[in-house]
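Numbering (the UniProt record's numbering), first residue to last: 1 to 150.
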Amino acid sequence: MPLYELVCITKHHLTLTPIHSLMRTTTQLITQNGGVVRNLDFWGTRNLPQRMKVGRRRGGGGEGAGEFVGDYWTLRFDASPPLVSALNARLRLNPSVLRWTALRLGSNFEKVARVGEEKTVSFEREMPGWVRGGEGVEEGVREAREWKGL
1 MPLYELVCIT KHHLTLTPIH SLMRTTTQLI TQNGGVVRNL DFWGTRNLPQ RMKVGRRRGG
61 GGEGAGEFVG DYWTLRFDAS PPLVSALNAR LRLNPSVLRW TALRLGSNFE KVARVGEEKT
121 VSFEREMPGW VRGGEGVEEG VREAREWKGL
């Protein structure tokens, strides 16, 4: 079974009870259908990048001001592709869910386990000394000008 990561943004409620209920039903759907939950992480309440509304088909009515804050959470799990489709259908019908995506991380466990080990940033030239924490500010300004070619 492939490894998936679900990222979900839900409406913010005064209590966390609706969010915990949604998390519980989501994990139960996965485990009852032969999937394995690897990690459940609640990121907390955050400002949304833009105003978000729940679609008309999902019971939100499409009217009103929309949401400006939301509760973010992620779920890593192993499941079959039909189970992920069923999970997407269930989240689509839930009026508390603003946005979600289920990403397939891979099916080879060794490759998926090494994802975080890869180098993600590389420089063609060596960074200036003031960025590395070496020389003083004056020397750093001179190096920055040389580095930019000024």
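Where a beta carbon is used, it is the ideal one built from N, C-alpha and C, also for glycine.
*Using the rule of at least 16 other Cβ atoms within 10 Å of the residue's Cβ for burial, across every protein chain shown, is Leu103 buried or exposed?*
On the sequence shown, position 103 is the one that residue 103 refers to. Result: exposed.
*Rounded straight-line distance, which links the Cα of Asn39 to that of Leu87*: By one-based count along the sequence shown, residue 87 stands at place 87. By one-based count along the sequence shown, residue 39 stands at place 39. Rounded to whole angstroms, Leu87 to Asn39 spans 16 Å at the Cα level.
*Straight-line gap, Lys11 to Ser107 (C-alpha atoms, nearest Å)*: Here the question's residue 11 lines up with position 11 in the sequence shown. Here the question's residue 107 lines up with position 107 in the sequence shown. In this model, Lys11 and Ser107 are separated by some 32 Å (Cα to Cα).
*Near Leu48, which residues of its chain fall below 8 Å by C-beta distance, leaving aside the five closest residues on each side in sequence?*
Residue numbering aside, residue 48 sits at position 48 when the sequence shown is read from its first letter. For Leu48, same chain residues with a beta-carbon under 8 Å away, outside a window of 5 residues either side, are Ile9, Glu67, Phe68, Val69, Gly70 and Leu98 in chain order.
*asked:* Taking its Cβ as the centre, do 16 or more other Cβ atoms sit within 10 Å of Leu93, making it buried, or is it exposed?
replied: For the purposes of this step, residue 93 is identified with residue 93 of the sequence shown, where counting begins at 1. By the 10 Å Cβ count, Leu93 comes out exposed.
*Which partner residues of Arg92 appear in the DSSP bridge assignment?*
In the sequence shown, counting from the first residue as 1, residue 92 sits at position 92. Beta-bridge pairing links Arg92 to no other residue.
*For Trp100, which residues of its own chain have a beta-carbon under 6 Å away from its beta-carbon, when the five flanking residues on both sides are left out?*
Along the sequence shown, read from residue 1 onward, the residue named residue 100 stands at position 100. Excluding sequence neighbours, Trp100 sits near Cys8 and Leu91.
*Bridge partners of Thr10, per DSSP?*
Start at 1 with the first residue of the sequence shown, and residue 10 comes out as number 10. Beta-bridge pairing links Thr10 to Asp71 and Val97.
*Ala102 bridges to which residues according to DSSP?*
As a working mapping, residue 102 is identified with position 102 in the sequence shown. When beta bridges are read from the DSSP output, Ala102 appears opposite Leu6.
*Note down the Cα distance separating Tyr4 from Ala79, rounded to an integer number of angstroms.*
Taking the first residue of the sequence shown as position 1, residue 4 is located at position 4. Taking the first residue of the sequence shown as position 1, residue 79 is located at position 79. If I take the Cα positions, the gap works out to 7 Å.
*Pairwise C-alpha distance: Tyr72 and Gln50*: Sequence index remark: in the sequence shown, residue 50 carries index 50 (1-based). Sequence index remark: in the sequence shown, residue 72 carries index 72 (1-based). Taking C-alpha positions only, Gln50 is separated from Tyr72 by approximately 14 Å.
_Given a cut-off of 8 Å on the beta-carbon distance, is the pair Leu83 and Gly44 in contact?_
Along the sequence shown, read from residue 1 onward, the residue named residue 83 stands at position 83. Along the sequence shown, read from residue 1 onward, the residue named residue 44 stands at position 44. Not in contact: Leu83 and Gly44 (Cβ atoms no closer than 8 Å).
*asked:* Going by C-alpha to C-alpha distance, which of Pro95, Glu146 and Ser85 sits closest to Leu6?
replied: Position 6 of the sequence shown, counted from the first residue, corresponds to residue 6. Comparing Cα positions, the closest option is Ser85.
*What's the C-alpha gap between Ser96 and Thr25?*
Here residue 96 refers to the residue found at position 96 of the sequence shown. Here residue 25 refers to the residue found at position 25 of the sequence shown. Those two C-alpha atoms are separated by around 13 Å.
*Based on the DSSP output, what are the partners of Thr45 in its beta bridges?*
Here residue 45 refers to the residue found at position 45 of the sequence shown. Thr45 is bridged to Asp71.
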